[in-house]
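What follows is one structure encoded as structure tokens, with my remarks underneath.
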Amino acid sequence: AQSVTQLDSHVSVSEGTPVLLRCNYSSSYSPSLFWYVQHPNKGLQLLLKYTSAATLVKGINGFEAEFKKSETSFHLTKPSAHMSDAAEYFCALNTGGFKTIFGAGTRLFVKA
Amino acid sequence: NAGVTQTPKFQVLKTGQSMTLQCAQDMNHNSMYWYRQDPGMGLRLIYYSASEGTTDKGEVPNGYNVSRLNKREFSLRLESAAPSQTSVYFCASRTGDQPQHFGDGTRLSIL
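Read top to bottom, the protein sequences are chains X and Y. Per my numbering, numbering of the first sequence is gapless, rising by one per residue and ending at 600. Per my numbering, numbering of the second sequence is gapless, rising by one per residue and ending at 189.
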């Protein structure tokens with residue numbers, strides 16, 4: 489069965505420190521994986537996507553993610569958190585059909 | 079550069095009333111989706127349309143109907159609204175194996 493697990497429901501960091509949001513997946517196929525960000529009262533915005541090209545994927549706003557097949561992981565990182573990064577983040581997996589599986593989300597808090 | 083447009087943005091209904099949520103995309107995407115988002119429940123798929131002329135149930139279709147009006151438009155109808163349908167509703171679209179693109183949501187309260 490295909491699935492996406494976000495390992496932390498919330499993460500708190502100080503401004504200027506690194507961010508790590510963890511995502512594990514299970515897929516029978518070569519996966520297409522995505523990270524989205526959702527700010528309050530907004531829709532989900534695509535941060536980055538992995539579709540079997542380079543394993544290190546760069547996205548918007550300084551975020552990047554590394555696809556590790558051996559660990560079935562696709563963790564999201566940013567070297568230095570900014571207050572504007574406070575939001576909810578979703579990891580997602582295309583199923584190979586028409587659906588997308590979304591993780592439960594990780595809320596990122598950034599302290600001044 | 080509109081992307082996915084949802085109307086209305088906010089709505090308050092009384093129990094038993096009906097309404098239609100509208101969604102349109104201008105990216106020529108084949109597939110369209112309706113989700114609801116509730117606190118602590120993540121995103122739940124209500125219905126989707128893989129291509130123009132087809133619709134299929136998702137995880138939580140009860141109490142809803144959909145219409146894929148044409149390639150651009152995909153509407154969600156609540157025939158007899160219930161308080162349990164109070165939620166934020168998102169429309170999304172996608173083509174091929176690409177990521178979904180989302181609208182900004184409709185915030186629906188049912189009293």
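The beta carbon of each residue, even a glycine, is placed where N, CA and C say it ideally should be. Source: prediction; values computed, not measured.
In terms of CA proximity to Y:Asp116, Y:Phe168 leads the group Y:Val82, Y:Arg172, Y:Phe180 and Y:Phe168. Assignment of Y:Ser158 by DSSP, reduced to helix, strand and coil, places it in the coil class. For the region 585-599 of chain X, the set of residues with a beta-carbon nearer than 9 Å to any beta-carbon of chain Y comprises Gly585, Phe586, Lys587, Thr588, Phe590, Gly591, Ala592 and Gly593, in chain order.
Inter-residue distance for X:Pro567 and Y:Val90 is about 43 Å (C-alpha atoms, whole angstroms). Neighbourhood of X:Gly531 in chain Y, by CB distance below 7 Å: Phe168, Phe180, Gly181, Asp182 and Gly183, in chain order. Between Y:Gly136 and the set Y:Arg114, Y:Gly81 and Y:Leu156, the nearest pair of CA atoms involves Y:Arg114. A check of alpha carbon separations from Y:Met97 across Y:Thr133, Y:Tyr142 and Y:Gln176 identifies Y:Tyr142 as the nearest.
Excluding the 5 residues flanking it on each side, X:Met571 has same chain C-beta neighbours closer than 8 Å at Glu503, Val598 and Ala600, in chain order.
Using a CB distance cut-off of 8 Å, Y:Asp116 does not count as an interface residue toward chain X.
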